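Down below is the structure, laid out as structure tokens.
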Amino acid sequence: GRAEMGIAQSSSTNSEVEMQFFTDIDVTFTMTGETDNGLTFGASVDLDEGGDGSSASDDNTDDGGATIFISGGFGTVTMGDTDGAMDWALKDAGNVGNGGSIADDETSHPGYLGAYHDGAAGQDGQILRWDYSSGAFGVAISFEQGDRDLGATTGVADETDGFGLGFKYALDLSGTTVNFGLGYQTIDGLPIDVDIVGVSVDAAFGNGLSAGIVYTDGDIFGVADSDHIGVGLGYTTGALTLHANYGQYDFGDGTEADGYGLSVAYDLGGGAVVHMGYGDGDSTATAAAAPSAVTSGDRKSFSLGLGLSF
Amino acid sequence: GRAEMGIAQSSSTNSEVEMQFFTDIDVTFTMTGETDNGLTFGASVDLDEGGDGSSASDDNTDDGGATIFISGGFGTVTMGDTDGAMDWALKDAGNVGNGGSIADDETSHPGYLGAYHDGAAGQDGQILRWDYSSGAFGVAISFEQGDRDLGATTGVADETDGFGLGFKYALDLSGTTVNFGLGYQTIDGLPIDVDIVGVSVDAAFGNGLSAGIVYTDGDIFGVADSDHIGVGLGYTTGALTLHANYGQYDFGDGTEADGYGLSVAYDLGGGAVVHMGYGDGDSTATAAAAPSAVTSGDRKSFSLGLGLSF
Amino acid sequence: GRAEMGIAQSSSTNSEVEMQFFTDIDVTFTMTGETDNGLTFGASVDLDEGGDGSSASDDNTDDGGATIFISGGFGTVTMGDTDGAMDWALKDAGNVGNGGSIADDETSHPGYLGAYHDGAAGQDGQILRWDYSSGAFGVAISFEQGDRDLGATTGVADETDGFGLGFKYALDLSGTTVNFGLGYQTIDGLPIDVDIVGVSVDAAFGNGLSAGIVYTDGDIFGVADSDHIGVGLGYTTGALTLHANYGQYDFGDGTEADGYGLSVAYDLGGGAVVHMGYGDGDSTATAAAAPSAVTSGDRKSFSLGLGLSF
Chain A
1 GRAEMGIAQS SSTNSEVEMQ FFTDIDVTFT MTGETDNGLT FGASVDLDEG GDGSSASDDN
61 TDDGGATIFI SGGFGTVTMG DTDGAMDWAL KDAGNVGNGG SIADDETSHP GYLGAYHDGA
121 AGQDGQILRW DYSSGAFGVA ISFEQGDRDL GATTGVADET DGFGLGFKYA LDLSGTTVNF
181 GLGYQTIDGL PIDVDIVGVS VDAAFGNGLS AGIVYTDGDI FGVADSDHIG VGLGYTTGAL
241 TLHANYGQYD FGDGTEADGY GLSVAYDLGG GAVVHMGYGD GDSTATAAAA PSAVTSGDRK
301 SFSLGLGLSF
Chain B
311 GRAEMGIAQS SSTNSEVEMQ FFTDIDVTFT MTGETDNGLT FGASVDLDEG GDGSSASDDN
371 TDDGGATIFI SGGFGTVTMG DTDGAMDWAL KDAGNVGNGG SIADDETSHP GYLGAYHDGA
431 AGQDGQILRW DYSSGAFGVA ISFEQGDRDL GATTGVADET DGFGLGFKYA LDLSGTTVNF
491 GLGYQTIDGL PIDVDIVGVS VDAAFGNGLS AGIVYTDGDI FGVADSDHIG VGLGYTTGAL
551 TLHANYGQYD FGDGTEADGY GLSVAYDLGG GAVVHMGYGD GDSTATAAAA PSAVTSGDRK
611 SFSLGLGLSF
Chain C
621 GRAEMGIAQS SSTNSEVEMQ FFTDIDVTFT MTGETDNGLT FGASVDLDEG GDGSSASDDN
681 TDDGGATIFI SGGFGTVTMG DTDGAMDWAL KDAGNVGNGG SIADDETSHP GYLGAYHDGA
741 AGQDGQILRW DYSSGAFGVA ISFEQGDRDL GATTGVADET DGFGLGFKYA LDLSGTTVNF
801 GLGYQTIDGL PIDVDIVGVS VDAAFGNGLS AGIVYTDGDI FGVADSDHIG VGLGYTTGAL
861 TLHANYGQYD FGDGTEADGY GLSVAYDLGG GAVVHMGYGD GDSTATAAAA PSAVTSGDRK
921 SFSLGLGLSF
């Protein structure tokens, strides 16, 4: 489980949230098993995703945050609230040596890209992914369905099925591992076909420094001829972890968005960490399928508090 | 806990649900204890039944899926989401050697009867049952209240209280046990008194075969002079379990419904089972108190997937 | 965890709830840890407070029933669903030797005061409290924020911040400990400033008897020049615990409310307790910020059942 307490604040062009108390709690139930012939399987769900009436337990056509997998010599098949193959392959700028924050400010500024269309454009985020790793090389294929209108006799929603492909490669350069990721994701129709392709490179050095860059190109959030670039830096020394990332969208419709994020984490040991997070950026983007942080104009947010892991 | 992943599909006269991903997850909390003088007690609730705002935890006049019991020399008293005495006594056709399916297709076809009015006709399914077993013989009495209009000063809803009675007997015929069940359930008023009576006979043979038959007669789903018959067959050999059931309603208003269900389960060991379920039937029934599957006209459903128990 | 089953009934001037089944279930998740330099920390949340869409897990600006703390030589800092400093310092009449009931009838009669404005007048109950104990003396300071209109650019809601102060002292009189509590709580504005001050004295004697009295004065439920007095008595002998309390409000607007509560608890051992609760009182109070039990006119309620702790 995990609990967070602290203070948080955010402001954007349309909204102003005063500094206030912040509390959050997660209890995760993880279950695993093994078949007679050696396949391993498991499932996990959070307390905040279970509950009566929730999608995880009451709507079988939506993952609702639950994840279920089975694994063997054929690789791993995962179903539910998991990464699509593109998100699986690429390393986000915010995942490079980031100690985290209680309100995720450093990964929710206007210039940040993290989900690569998982759950976008009428998809419900209920993903089926196969992935397989062999030595330095990994591959994944994912399939995601559009939301079905369950009571309707029309099959229109079928057209929004999504498909993803991802590759990973870990290159050993005299002791330092450089990770390469390549991903592609497409969603059919409604209203247009949305294709994006991305590449990432990152490395962790022996002196505590890590660095990464990720580039995405295509119909980002349904806007043709768009691209995004993200860079991330992390540094760990003793109990202290520092992280910074910068991201920039250049949309094909002439709008753009950029921003940066910072986080500081100080480990008190035993699972208690002091966290500070900050995000800041500007945007003229209007794409309807974009996350609200990307289209929120000038946006700043800040949080400070204690993260407790149990 | 339990998790399921696979694909499911259904079609009926008014509705067409395309083949799509299916995920479900259950986490059950079971608690037990014992008093100083040897009474045992316990309670259980599912993660998907707890949660904020759910009936299990926030509405004390509704069971919401929680079950609480206390047991001793006097038998067992159970309160909450439990079977009424009639459902306790009878063995449904779908419970005869059934390995189960992820979407319960084989027990949700138009010809299936399973709940014997527990929770029907304004009842809330919050049942109080006493049962007692002695050797081959068992008896149960149950009481269920109509939903109370909690803020109203009228006592009208009182008239829908339900009462049930059930008997079980296990006859040993040279090594094969034949189980007999007899049950009666009545709900007062609103709009009419609803009485049903049922009998079931089933047996499990040494060769892996099991068979059962159940017959119910009375005001089924509020329609006078109705009857229902159900038959079930099961066969287990090694890791494979096959099940089939057939059910037929003959309602007193001239409408009828029938259907059959099939399931195949293959046990991979360690709690992982591959499941296939199929249900198919036709119906002209219109009784308002009937489950939607019974009044859905021509209905087919299918599911295939993996059930994981932890 | 905890489960309760039984029967409950209540009646008041506007409402009549018939005797009916009562079931409730709680599953509490408690997590604790310790930092490298010896600070202890922890968090707890109930199953009925978690769940998808609940405030505990999905709304970080509301505690939603979760409690998080960190403790060290500086005292204890608690954030979330915890007592304000005034409620922390005072001992309610209903907390004096009370064995409890399944429906809390003895502490929900029209004359009962228990929360001392925690969560009242636009506050959301998300409290930050520091408390420190040294020998017989304890002190606490608490701060609670008004509900923020999260999407609005206005800061009006800021005016309803609450502040509390509490002191405890335990006096040893030849083997019997007499506890003194003193508390103050204020909420700014909206529509008026609400200040209350209270004092409590209680003691537990060697013969199983305990007694206490609590007095509160100020703008109770926003009505100026109001006061409340509560007295409680408890007696424990063997497995049996008896409790009675009486409370009376005298509001500055000329209205008043009083009532008494009784509870009987018989311990069966192993965590199973038989509980009876009764509350009875009259009220002419109309204060909008008062709990519904206080403004419900003539009110009686009763419950009988089994409480099971696991």
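Residue numbers (my numbering), protein chains in the order written: chain A, 1 to 310; chain B, 311 to 620; chain C, 621 to 930.
Note that beta-carbon positions come from the ideal geometry of N, C-alpha and C, so glycine has one too.
These figures come from a predicted structure and were not determined experimentally.
If you draw a straight line from the alpha carbon of C/D672 to that of C/V665, how long is it in whole angstroms? Taking the first residue of the third sequence as 1, we reach residue 672 of chain C at position 52. Taking the first residue of the third sequence as 1, we reach residue 665 of chain C at position 45. With a pLDDT of only 41 at C/D672, under the threshold of 50, the placement of this residue in the model should not be trusted, and no figure is reported.
Please determine, among A/S200, A/G252, A/G6, A/V274, the residue with the shortest C-alpha to C-alpha distance to A/N95. Position 95 of the first sequence holds residue 95 of chain A. Of the candidates A/S200, A/G252, A/G6, A/V274, the one whose C-alpha sits nearest the C-alpha of A/N95 is A/S200.
Is the beta carbon of C/G719 less than 8 Å from the beta carbon of C/H863? Taking the third sequence and counting its residues from 1, the one referred to as residue 719 of chain C is at position 99. Taking the third sequence and counting its residues from 1, the one referred to as residue 863 of chain C is at position 243. The answer is yes: Cβ separation under 8 Å.
Interface residues of chain C around B/I523 at Cβ under 8 Å? Position 213 of the second sequence, counted from the start, is the residue given in the question as residue 523 of chain B. In chain order: nothing, as chain C lies at least about 34 Å away.
With 16 as the cutoff for other CB atoms within 10 Å, does C/N799 come out buried or exposed? By 1-based counting over the third sequence, the position of residue 799 of chain C is 179. Burial call: buried.
Per DSSP, what are the beta-bridge partners of C/Y732 in this structure? Residue 732 of chain C sits at position 112 when you count from the first residue of the third sequence. The partner list for C/Y732 (beta bridge, DSSP) is empty, contrary to what the question assumes.
Beta-bridge partners of B/Q455, as assigned by DSSP: In the second sequence, the residue the question calls residue 455 of chain B occupies position 145. BP columns for B/Q455 are empty, so no partner.
Could you give the first and the last residue of the continuous alpha helix (DSSP H) run that contains A/A85? For the purposes of this step, residue 85 of chain A is identified with residue 85 of the first sequence, where counting begins at 1. Note, A/A85: alpha helix (DSSP H), 85–89.
Please compile the residues from chain B whose C-beta is within a distance smaller than 8 Å of the C-beta of A/D36. One-based indexing of the first sequence puts residue 36 of chain A at position 36. By Cβ distance, chain B contributes L578, G579, G580.
Mind checking who C/E636 pairs with in its DSSP beta bridge? As a working mapping, residue 636 of chain C is identified with position 16 in the third sequence. DSSP, once it has assigned bridges, lists C/S631 as partnering C/E636.
Does any C-beta atom of chain A lie closer than 8 Å to the C-beta of C/A823? In the third sequence, counting from the first residue as 1, residue 823 of chain C sits at position 203. Closer than 8 Å: no.
Which residue or residues does DSSP assign as beta-bridge partners of A/F180? By 1-based counting over the first sequence, the position of residue 180 of chain A is 180. The partner list for A/F180 (beta bridge, DSSP) reads A/Y169, A/V201.
Alpha carbon of B/H419 to alpha carbon of B/A603, nearest angstrom: Along the second sequence, one-based indexing puts residue 419 of chain B at 109. Along the second sequence, one-based indexing puts residue 603 of chain B at 293. Cα-Cα distance, rounded: 6 Å.
Verify the CB distance criterion: does C/F783 have a CB-CB separation below 8 Å to chain A? In the third sequence, residue 783 of chain C corresponds to position 163, counting from 1. Not one chain A Cβ lies under 8 Å of C/F783.
Same chain, Cβ closer than 6 Å to A/F137, five either side skipped, listed in chain order: Reading the first sequence from its first residue, position 137 is the one you call residue 137 of chain A. Closer than 6 Å at the Cβ level, and outside the excluded window around A/F137, lie Y169.
A/T236 CB to nearest heavy atom of the ligand NAP below 7 Å: This structure does not include the ligand NAP; it has no bound ligands of any sort.
Within-8 Å CB hit, B/V574 to chain C: The count along the second sequence starts at 1 and reaches residue 574 of chain B at position 264. No, B/V574 lies away from the interface with chain C (no Cβ there is under 8 Å from its Cβ).
Output needed in chain order: residues of the region 900–924 of chain C with a Cβ under 8 Å from some Cβ in chain B. none
In this structure, how does DSSP classify C/N865 when only helix, strand and coil are distinguished? As a position in the third sequence, residue 865 of chain C is number 245, starting the count at 1. Three-state result, C/N865: strand.
Looking at C/G786 and C/A823, is the spacing between their C-beta atoms short of 8 Å? One-based indexing of the third sequence puts residue 823 of chain C at position 203. One-based indexing of the third sequence puts residue 786 of chain C at position 166. Not in contact: C/A823 and C/G786 (Cβ atoms no closer than 8 Å).
Backbone secondary structure at C/D656 - three-state DSSP: Mapped onto the third sequence, residue 656 of chain C falls at position 36. In the displayed model, C/D656 falls within coil according to three-state DSSP, outside both helix and strand.
Taking the CB atoms as reference points, tell me whether B/E314 and B/I380 lie closer together than 8 Å. By one-based count along the second sequence, residue 314 of chain B stands at place 4. By one-based count along the second sequence, residue 380 of chain B stands at place 70. Contact check for B/E314 against B/I380 fails: the beta carbons are separated by 8 Å or more.
Any beta carbon from chain A within less than 8 Å of B/V337's own beta carbon? In the second sequence, residue 337 of chain B corresponds to position 27, counting from 1. With 8 Å as the cut-off, B/V337 counts as an interface residue toward chain A.
Is it right to say A/F205 is buried, meaning 16 or more other beta carbons lie within 10 angstroms of its own, or is it exposed? Within the first sequence, residue 205 of chain A is the residue found at index 205, counting from 1. It counts as exposed.
Looking at C/S916: is its Cβ nearer than 8 Å to the Cβ of C/M896? By 1-based counting over the third sequence, the position of residue 916 of chain C is 296. By 1-based counting over the third sequence, the position of residue 896 of chain C is 276. Going by C-beta atoms, C/S916 is not nearer than 8 Å to C/M896.
Taking just the CA atoms, how far does C/D839 sit from B/G532? In the second sequence, counting from the first residue as 1, residue 532 of chain B sits at position 222. In the third sequence, counting from the first residue as 1, residue 839 of chain C sits at position 219. Approximately 57 Å between the Cα atoms of the pair.
Using the three-state DSSP reduction, which class does B/D415 fall into: helix, strand or coil? Here residue 415 of chain B corresponds to residue number 105 of the second sequence, with the count starting at 1. Helix, per DSSP.
Tell me the DSSP bridge mates of A/Q185? As a position in the first sequence, residue 185 of chain A is number 185, starting the count at 1. DSSP output for A/Q185 lists A/G164, A/I196 as bridge partner(s).
Assign A/A66 to one of three DSSP states: helix, strand, or coil. Numbered from 1 along the first sequence, position 66 holds the residue referred to as residue 66 of chain A. Coil.
Give the straight-line distance between the Cα atoms of A/T176 and A/D92, rounded to the nearest whole angstrom. On the first sequence, position 176 is the one that residue 176 of chain A refers to. On the first sequence, position 92 is the one that residue 92 of chain A refers to. Going from the Cα of A/T176 to the Cα of A/D92 covers about 19 Å.
Please determine, among B/V541, B/S611, B/V504, the residue with the shortest C-alpha to C-alpha distance to B/S626. The structure shown has nothing for residue 626 of chain B, since chain B only spans 311 to 620.
Using a C-beta to C-beta distance shorter than 7 Å, which residues of chain C count as neighbours of B/F351? On the second sequence, position 41 is the one that residue 351 of chain B refers to. A892, L928, listed in chain order.
Buried or exposed by the 16-neighbour rule on C-beta atoms within 10 Å, applied to A/L128: As a first step, residue 128 of chain A is located in the first sequence; it is residue number 128 there, counting from the start. It counts as buried.
State yes or no: is the C-beta of A/Y249 within less than 8 Å of the C-beta of A/E256? Counting from one through the first sequence, the residue named residue 249 of chain A turns up at place 249. Counting from one through the first sequence, the residue named residue 256 of chain A turns up at place 256. Their beta carbons are under 8 Å apart, which means A/Y249 touches A/E256 by this criterion.
Mind listing the chain B neighbours of C/T875? Cutoff is C-beta to C-beta under 7 Å, in chain order. Taking the first residue of the third sequence as position 1, residue 875 of chain C is located at position 255. Contact note: C/T875 does not reach chain B at a C-beta cutoff of 7 Å; the least C-beta distance is about 23 Å.
Do we get a CB-CB distance below 8 Å when we pair B/A534 with the residues of chain A? Mapped onto the second sequence, residue 534 of chain B falls at position 224. So, not an interface residue.
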